[in-house]
Amino acid sequence: VNRVIAAFLKLLPFFKMYSVYCSSYPNVAQAMEAAHAVKGARELIESASDESPSLPALLFRPVQRMCVYPLLFKQALKHAAEGEQTDRFTDAFNSVQSIITQVNENVRRQEEQARAADVLLSEVGGEAKALLSADRSLALECQ
3 VNRVIAAFLK LLPFFKMYSV YCSSYPNVAQ AMEAAHAVKG ARELIESASD
53 ESPSLPALLF RPVQRMCVYP LLFKQALKHA AEGEQTDRFT DAFNSVQSII
103 TQVNENVRRQ EEQARAADVL LSEVGGEAKA LLSADRSLAL ECQ
């Protein structure tokens, strides 16, 4: 058990990459629709859909995984022996929660930046600089 937890904690910093994937996930439906317009891609997707799980299900798994890890450690914590093992599971659970918070914050920030870019492109034109703060977040939204 300690080896598994140690390995998980060692890899945990790399989970921050999920923020890029999770923030891009809403574009999957549009990308799938565009892929269906290309004959070769459509055939590949349809042949893959004959097997289980489907391509959309596979693409959703990384998003689901972020929700499963805390549940896994919370459940394992209930069955852990008191002492060092409990402490290790608690550390793992808290670390996962911290990463999820960071991922969610990064996704929220990327959504805000995309919204800011949409405002700039659609309404403002050359006056765009006044709407963004130094970190490129939306400072003002035109009504």
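Heads up, this note's numbering is the position in the sequence shown plus 2, with the first residue counted as 1.
Built from N, CA and C at the ideal position, the CB exists for glycine as well.
Note that the structure is predicted; figures quoted are calculated from it, not measured.
Backbone secondary structure at residue i - three-state DSSP
i	result
A9	helix
P55	coil
E35	helix
G42	helix
A116	helix
A83	coil
V22	helix
V3	coil
Which listed residue (the options) has its alpha carbon closest to that of residue i
i	options	result
Q99	A9, R5, N4 and K18	K18
F75	A116, D93, Y27 and V121	D93
N106	V3, S56, S26 and R44	S26
P72	R5, Q112, N4 and L14	L14
Q104	F10, K12 and F16	F16
Q170	C24, K12, C69 and F10	Absent from the structure is residue 170, since the part of the chain shown begins at 3 and ends at 145.
A70	A116, I102, R5 and G42	Per the sequence presented here, residue 70 reads as Val, with Ala not at that position. Ranking the options by Cα distance to V70, first place goes to I102.
Integer Cβ distance of residue i from residue j, believed to fall under 8 Å
i	j	result
P58	V40	At roughly 17 Å, the Cβ-Cβ gap does not stay under 8 Å, so P58 and V40 are not in contact.
R110	I7	Going by Cβ atoms, the distance from R110 to I7 rounds to 29 Å, so no, they are not a contact pair.
Y20	P55	Going by Cβ atoms, the distance from Y20 to P55 rounds to 19 Å, so no, they are not a contact pair.
V3	Q87	6 Å
Interface flag, residue i vs chain B, CB-CB below 9 Å
i	result
H81	Note that chain B does not occur in the displayed structure, where there is just one protein chain.
The ligand NAP heavy atom lying under 8 Å from the CB of residue i
i	result
A78	Summarising the ligand content, the structure contains no ligands, and the ligand NAP is consequently not present.
If you pair each beta-carbon of the region 43-50 with each one of the region 73-83, do three or more pairs fall below 8 Å?
no
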